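A.B. asks: Letter by letter, the sequence shown follows residues 447 to 977 in our numbering.
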Amino acid sequence: MKISCPKCSQNFEPSAVPGGENTTCPHCGADVPIPQPVNPSLPQVTVLDVFVSSPGDVGPEREALIRTIERINRMPQIRDHYVLRPFCYEKEVAPDMGSEPQMIVDRACHVTECYLVICILWQRMGTAFTHPATQREYLSGTEYEFVTAYEAKKGGAAYPNILIYRKRNVVPTGGEAAQQAIVDQFFSRMEGAESEFKGLYWQFTDLREFEENALQHILTRIHESPPVAVPSLSLPAIVEEERRLDVAVPAEVTPTDIVELWAKICLPDSKGLRNELPDKTDISGAPVKADTRDKFMSVAFERKADSEELLPLATKVEVITNDFEVLEEERVVELIQGKDSPTIVFPLTVKTQGESAMVMVRVMTKSVHSDYWIENSSMVQRISVCREEKSEGAKPGGQKVESLQVFTLGVQSESGPALMPSAPAPAVFADRSDKMAAEEFAVDDEVFQQPVPPRSAAQKPGNAADAPPAPAKARAPSARKTQAPPEMEIQTEKSRSRSGACLIVALIVLLAALWFGWKSGWIQNLLDRVL
Numbered sequence: 447m448k449i450s451c452p453k454c455s456q457n458f459e460p461s462a463v464p465g466g467e468n469t470t471c472p473h474c475g476a477d478v479p480i481p482q483p484v485n486p487s488l489p490q491v492t493v494l495d496v497f498v499s500s501p502g503d504v505g506p507e508r509e510a511l512i513r514t515i516e517r518i519n520r521m522p523q524i525r526d527h528y529v530l531r532p533f534c535y536e537k538e539v540a541p542d543m544g545s546e547p548q549m550i551v552d553r554a555c556h557v558t559e560c561y562l563v564i565c566i567l568w569q570r571m572g573t574a575f576t577h578p579a580t581q582r583e584y585l586s587g588t589e590y591e592f593v594t595a596y597e598a599k600k601g602g603a604a605y606p607n608i609l610i611y612r613k614r615n616v617v618p619t620g621g622e623a624a625q626q627a628i629v630d631q632f633f634s635r636m637e638g639a640e641s642e643f644k645g646l647y648w649q650f651t652d653l654r655e656f657e658e659n660a661l662q663h664i665l666t667r668i669h670e671s672p673p674v675a676v677p678s679l680s681l682p683a684i685v686e687e688e689r690r691l692d693v694a695v696p697a698e699v700t701p702t703d704i705v706e707l708w709a710k711i712c713l714p715d716s717k718g719l720r721n722e723l724p725d726k727t728d729i730s731g732a733p734v735k736a737d738t739r740d741k742f743m744s745v746a747f748e749r750k751a752d753s754e755e756l757l758p759l760a761t762k763v764e765v766i767t768n769d770f771e772v773l774e775e776e777r778v779v780e781l782i783q784g785k786d787s788p789t790i791v792f793p794l795t796v797k798t799q800g801e802s803a804m805v806m807v808r809v810m811t812k813s814v815h816s817d818y819w820i821e822n823s824s825m826v827q828r829i830s831v832c833r834e835e836k837s838e839g840a841k842p843g844g845q846k847v848e849s850l851q852v853f854t855l856g857v858q859s860e861s862g863p864a865l866m867p868s869a870p871a872p873a874v875f876a877d878r879s880d881k882m883a884a885e886e887f888a889v890d891d892e893v894f895q896q897p898v899p900p901r902s903a904a905q906k907p908g909n910a911a912d913a914p915p916a917p918a919k920a921r922a923p924s925a926r927k928t929q930a931p932p933e934m935e936i937q938t939e940k941s942r943s944r945s946g947a948c949l950i951v952a953l954i955v956l957l958a959a960l961w962f963g964w965k966s967g968w969i970q971n972l973l974d975r976v977l
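Structure representation (structure tokens):
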């Protein structure tokens, strides 16, 4: 267990055993109190500092490594004995002036004081650095951290263990090519029998491969080189609870819609959004029950010291998309053990030019042992985007016809009229072109010209109260046809226009064939044979 001197800010191993009152700082001679366990009744675990060293071009890999460390901390064989604590300078180091940036990082956490040093390199090495005390030159701060850790390990120190990774998936061009040459030069010092740095480094091409390899390598290091330090932290009691992520977003939208995305974190047996959303709605861009999708996840609540009460868990819900404008990309809510979270609604506006759009909802929770946000679950939703096209069958304002009433001749019965409307066709223009809709719902004129058989005397109602609506007058074949709805007339007119055009084309083709036959003489020969 290492402690920090409040006077000189140096870290050191205390000479007194844990539980004592004070120890002496070997650097400045000051008396330093030994921190006492937070709760001696709780299990004690050993903190393993993990130094993450890399330039700025591998940000996703640094975040992935933190997620991997959190996964390891949750494993039963680890959480009862150790807590891995990642150190990333961009999160842990406070701004300061008057010293080299690398020296400020060293004061916050020196690589030789860590159990594990993980280096990640890709296309950049970083900015050259000269140590102010030794005047030794380094290619960058990353090389300085690696070399310092390597020389300590080579000198016989038990720690730090070193893992180094190289990303290989893009051939750099332009300004990055010069930096890549420096990276190549650095790794060449690890190759060959006469190499400067003895050991192995690992190459990867994508983020998933890196996460899987880093997970296995860290666990292997802990197994092969178990820490010998005394326990230095009281392990908080953790209660894990299963949850369900509900996400609802309309399956189909138009570019003018203000789209609503609903998110809720529920207990497994909760009805969630399916209890809150309507079965159907006339509001454009609003989801309904059928639009709800869910995914199971697990969360961990920390128990208060000397209490059965569980602390609320800070949870961040993010919306990530390239196809929508998002007014507010993330919201933070608190999860309470045994209760559903509040419902969160994100307004979205379509900006894609394609026929489909995608949106991802990601849930992140705070690590129990640190302030890092760790990805817990994510869900991807696909949405159809309908183009708005003005046509003869469109409503004012460019909105397409949502349904058509198709009239057919019904069977004459005692209790109903002969001519009855069929059920509305649901949103036929929402996912079909005007041409396809016209072909499918074109009206046959002959249907409206058929006569209706008159009722017989036996079919007349017994009293006026039970009488059905008066039927339309019987129509002779020459009678005026029934007036169809405006939508029907539009589609019928289109059908007539298409039929007329086809007839004209057929006549032109026939006349051309006759003319060609007469000129070529085969029609004359045919007439001679017949006559």
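Here a beta-carbon is modelled for each residue, glycine too, at the ideal position from N, C-alpha and C. Because the structure is a prediction, the values reported are computed rather than measured.
1) Using the three-state DSSP reduction, which class does N457 fall into: helix, strand or coil?
2) Mind checking L609: buried by the 16 CB within 10 Å criterion, or exposed?
3) For L585, which of helix, strand or coil comes out of DSSP?
4) What span of residues does the alpha helix (DSSP H) with P506 cover, start to end?
5) According to DSSP, is Q827 part of a helix, a strand, or is it coil?
6) When the Cα of V705 is compared with those of G475, A803 and V478, which residue comes out closest?
7) Could you tell me which of S499, F497 and C451 sits nearest to D477, measuring between CA atoms?
8) Go ahead and pull the three-state DSSP assignment for K717.
9) By a C-beta neighbour count over all protein chains shown, 10 Å radius and 16 as the cutoff for buried, is E589 buried or exposed?
10) Just the Cα atoms here: how many angstroms apart are A683 and E748?
11) Identify whether G844 lies in helix, strand or coil by the three-state DSSP scheme.
12) Can you grab the Cα-Cα spacing for the pair K710 / N822, in whole Å?
13) If we count Cβ pairs, one from each stretch, closer than 8 Å, do we get three or more for the segment 529-541 versus the segment 588-603?
14) In whole angstroms, give me the CA-to-CA distance for S514 and V504.
15) Per DSSP, P479 is paired with what?
16) Quick one: give me the first and last residue of the beta strand (DSSP E) that K812 is part of.
17) What does the alpha-carbon distance come out to for the pair Q625 and C471?
18) Which whole runs of the beta strand (DSSP E) in the segment 636-689 are 3 residues long or more, in chain order?
19) What do you get for K717, buried or exposed, if any count of 16 or more other CB atoms within 10 angstroms of its CB means buried?
20) For the putative contact between F632 and Y647, defined by C-beta atoms under 8 Å, what is the C-beta separation to the nearest angstrom?
21) Smallest Cα separation from R531: which of R517, P522, Q523 and P541?
22) Taking the DSSP output, what are the residues bridged to K613?
23) I829 and V699: beta carbons closer than 7 Å?
24) Take V826 as the anchor and find which of K644, N768 and R833 has the nearest alpha-carbon.
25) State the CB to CB distance for the pair V745 and L759, rounded to an integer number of angstroms; the pair is presumed to be in contact (CB under 8 Å).
26) List the endpoints of the continuous beta strand (DSSP E) containing D740.
27) Between the alpha carbons of Y605 and N457, how many angstroms are there, rounded?
28) Give me, in chain order, the residues of the same chain whose beta-carbon lies closer than 6 Å to that of R878; leave out the 5 immediate sequence neighbours on both sides.
29) If you run the structure through DSSP and keep just helix, strand and coil, what is S861?
30) Alpha carbon to alpha carbon, how far is Q490 from P673?
31) If you reduce the DSSP assignment to three classes, tell me which class T594 lands in.
32) In the DSSP assignment, find the beta strand (DSSP E) that holds P532 and state where it starts and stops.
33) Check D752 in the structure and name its three-state DSSP category.
34) List the whole-angstrom C-beta distance separating L562 from L494, where the pair is believed to meet the contact cut-off of C-beta under 8 Å.
35) Please name the residue or residues paired with M496 in a DSSP beta bridge.
C.D. replies: Per the coordinate set shown:
1) Looking at N457 - three-state DSSP - the assignment turns out to be strand.
2) Residue burial is scored here from C-beta neighbours: L609 has at least 16 other C-beta atoms within 10 angstroms and is therefore classed as buried.
3) It is coil, neither helix nor strand.
4) Counting along the chain, the alpha helix (DSSP H) containing P506 begins and ends at G505 to R520.
5) Three-state result, Q827: strand.
6) Per the Cα distances, A803.
7) When each option's Cα is compared against that of D477, the closest is C451.
8) Here K717 sits in coil by DSSP.
9) E589 comes out buried.
10) Using only the alpha carbons, I get a separation of about 6 Å.
11) Low confidence applies to G844: its pLDDT is 38, below 50, so where it sits in the model is not reliable, and the reading given next is rough at best. Under the three-state reduction of DSSP output, G844 falls in the coil class, being neither helix nor strand.
12) Our two residues, K710 and N822, have alpha carbons roughly 14 Å apart in a direct line.
13) Under the 8 Å Cβ criterion, the segment 529-541 does not count as touching the segment 588-603, having fewer than three qualifying pairs.
14) First, the amino acid is wrong: residue 514 is Thr here, not Ser. Rounded to whole angstroms, T514 to V504 spans 15 Å at the Cα level.
15) DSSP lists N468 as partners of P479.
16) DSSP places K812 inside the beta strand (DSSP E), whose first and last residues are S802 to K812.
17) A straight-line Cα-Cα distance of about 42 Å links Q625 and C471.
18) Secondary structure in the segment 636-689: the beta strand (DSSP E) runs of 3 residues or longer, each lying completely within the stretch, are 648-650 in chain order.
19) Under this definition K717 is an exposed residue.
20) Going by Cβ atoms, the distance from F632 to Y647 rounds to 10 Å, so no, they are not a contact pair.
21) Of the candidates R517, P522, Q523 and P541, the one whose C-alpha sits nearest the C-alpha of R531 is R517.
22) Note: K613 sits in a beta bridge opposite F650.
23) Going by beta carbons, I829 and V699 fall inside the 7 Å limit.
24) Nearest of K644, N768 and R833 to V826, Cα basis: N768.
25) The beta carbons of V745 and L759 sit about 6 Å from each other, so the pair counts as a contact at 8 Å.
26) Secondary structure note for D740: its beta strand (DSSP E) is the uninterrupted segment T738 to E748.
27) Going from the Cα of Y605 to the Cα of N457 covers about 15 Å.
28) Confidence is the limiting factor: at R878 the pLDDT is only 35, short of 50, which leaves the residue's position unreliable and the question unanswerable from this model.
29) Residue placement at S861 is poorly supported in this model, since its pLDDT is 41, which falls under 50; the coordinates still yield a value, given next. DSSP places S861 in coil when its eight states are reduced to three.
30) Between Q490 and P673, the C-alpha separation is close to 14 Å.
31) The answer is helix: DSSP assigns T594 an H, G or I state.
32) Bounds of the beta strand (DSSP E) holding P532 are Y528 to F533.
33) Correct three-state label for D752: coil.
34) With a Cβ gap of about 7 Å, L562 and L494 count as contacting.
35) At residue 496 the sequence reads Val, which differs from the Met that was named. The partner list for V496 (beta bridge, DSSP) reads P532 and L562.
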